[in-house]
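Residue numbers (my numbering), protein chains in the order written: chain Z, 1 to 204; chain G, 205 to 408.
For reference, the structure discussed in these notes is given below.
2 protein chains.
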Amino acid sequence: MTKPDIPRKTVYRLSIYQRCLQQLRVNHTETVSSEALAKAAGVKPSQLRKDLTHFGNFGTRGLGYNVEGLSAQLTEVLGTARLQPVILIGVGNLGSALLRYAGFNKEGFEITAAFDRDTHPRPNSPTAVLAMEEMERVIREHSVKMAIIAVPTSAAQGVVNEIVSYGIQAILNFAPTVISVPDGVWVNNVDLAVELENLSYFIQ
Amino acid sequence: MTKPDIPRKTVYRLSIYQRCLQQLRVNHTETVSSEALAKAAGVKPSQLRKDLTHFGNFGTRGLGYNVEGLSAQLTEVLGTARLQPVILIGVGNLGSALLRYAGFNKEGFEITAAFDRDTHPRPNSPTAVLAMEEMERVIREHSVKMAIIAVPTSAAQGVVNEIVSYGIQAILNFAPTVISVPDGVWVNNVDLAVELENLSYFIQ
């Protein structure tokens, strides 16, 4: 399948629709109207319909969407049909919690390996924590394209430069700093303090 | 100060500028050009200048920004001048990590209390974990306006309805589901699987 050229924000919403469809499947719902699906996702029905046309789904007027079918289509578009290997770098408080987060696997991602400067045994960790020197080997052997960064701010850019040179193309960055990457590498930032600050502005 | 009407995305960028300015202060840098600050924040200089005019900062041509002064102004605008009380609901793996995340305090947020159905003692927790029945009392006594939700999906909407009725106005939601709130209540969602899914689309 050729990747359709879909804006980043639309791709976010596709993930949200997928979330809602999965919930409907759990509840054994077979079809859903665009109004109901849009409401569950917190968007306008016109937005939902527009988003789905990006990959050629035009719905069927009056019949609603087939939950199973639309969900399968989204899985295909989002590239989560196969388990995607991911590495985690930085196994402090936040990194440990991410390792134990079952949601990743459920959504099609598998944390292949975790890396930290400190490789003391972590008896409760579901994934082995390897030395930083092992990163290159693991990334190349498993053709890993995605990494989660949960290292301290001061270490972030150095780690990013290194893994990008080994072939990492997409980074989910939890370090509270702006990292630079070459063209063709994607970064999503999750900065928890920035999220709180953002909310704080609106409740003043 | 009357709150200027700044778009949500601009407020996000203000937080990023603040991050960069704090870094400059650590490095004892006194002034910064709009070009240098924009580059550090990963935006265009024109974007930076436009964002700052929202609260009346028009800079001084040729002199750059005073780091200390601009940072103080942003702190005032973002409402992080005073330590803002926040409660955390759901102390599982992710919730525990959030409790131990030192970054919140540094950025002006204090986790006043944490709540969970399971109140077994957590010896390493920096904050007491209280029973859900205590939420109303704590929210009202401390005039808490912000909450972080890290409960399972099935519990999220019920918890949100409850805390909104006690006066919570802003929610940082980690539960992987879309929650609905009445007008005047703000929600930011941090959905880790959605972030990975989004990246996964772009590396196909």
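Note that CB positions come from ideal geometry on N, CA and C, so glycine has one too.
Predicted, not measured: the structure shown is a model, and the values here were computed from it.
Item to check | Against chain G: residues of the segment 102-128 of chain Z by CB proximity under 8 Å | outcome: 103, 104, 106, 107, 108 and 109
Next on the checklist: With a threshold of 8 Å between beta carbons, is residue 406(G) in contact with chain Z?
Outcome noted: yes
Checklist entry - Which first and last residues belong to the alpha helix (DSSP H) in which residue 155(G) is found? => result Since the first residue shown for chain G is 205 and the last is 408, residue 155(G) is missing from the structure and cannot be characterised.
Item to check | One or two residues paired with residue 172(Z) in a DSSP bridge | outcome: 148(Z) and 188(Z)
Checklist entry - Say the cut is 7 Å; is the CB of residue 249(G) nearer than that to a heavy atom of the ligand ATP? => result As presented, the structure is devoid of all ligands, the ligand ATP included, so that no description of it is given.
Checklist entry - What's the C-alpha gap between residue 208(Z) and residue 73(Z)? => result Outside the modelled stretch of chain Z, which goes from 1 to 204, sits residue 208(Z), for which no answer is possible.
Item to check | Neighbour list for residue 266(G) in chain Z, Cβ cutoff strictly below 8 Å | outcome: Simply none; closest approach about 25 Å.
Checklist entry - Are the beta-carbon atoms of residue 13(Z) and residue 40(Z) separated by less than 8 Å? => result no
Checklist entry - Are three or more beta carbon pairs between the segment 166-180 of chain Z and the segment 188-201 of chain Z nearer than 8 Å? => result yes
Item to check | Where residue 16(Z) meets chain G, residues with beta-carbon distance less than 9 Å | outcome: 382, 393, 395 and 398
Next on the checklist: Along the chain, where does the alpha helix (DSSP H) containing residue 366(G) start, and where does it finish?
Outcome noted: 357-369
Next on the checklist: Given a cut-off of 8 Å on the beta-carbon distance, is the pair residue 86(Z) and residue 109(Z) in contact?
Outcome noted: yes
Checklist entry - According to DSSP, which residues form a beta bridge with residue 104(Z)? => result For residue 104(Z), which the question treats as bridged, DSSP gives no partner whatsoever.
Next on the checklist: Using beta carbons (cut-off 8 Å, strictly below), is residue 157(Z) in contact with chain C?
Outcome noted: Of the protein chains in this structure, namely Z and G, none is chain C.
Item to check | Whole runs of the alpha helix (DSSP H) within the segment 235-270 of chain G, excluding any shorter than 4 residues | outcome: 238-245 and 249-257
Checklist entry - How many Å lie between residue 144(Z) and residue 184(Z) at the Cα? => result 15 Å
Checklist entry - So residue 378(G) and residue 193(Z) are in contact, right, with Cβ under 8 Å, and what is the actual spacing, rounded? => result At roughly 14 Å, the Cβ-Cβ gap does not stay under 8 Å, so residue 378(G) and residue 193(Z) are not in contact.
Item to check | Enclosing beta strand (DSSP E) for residue 110(Z) [first to last residue] | outcome: 109-115
Item to check | Partner residues on chain Z for residue 251(G), Cβ-Cβ distance less than 8 Å | outcome: The contacting residues do not exist; residue 251(G) stays about 14 Å from chain Z at best.
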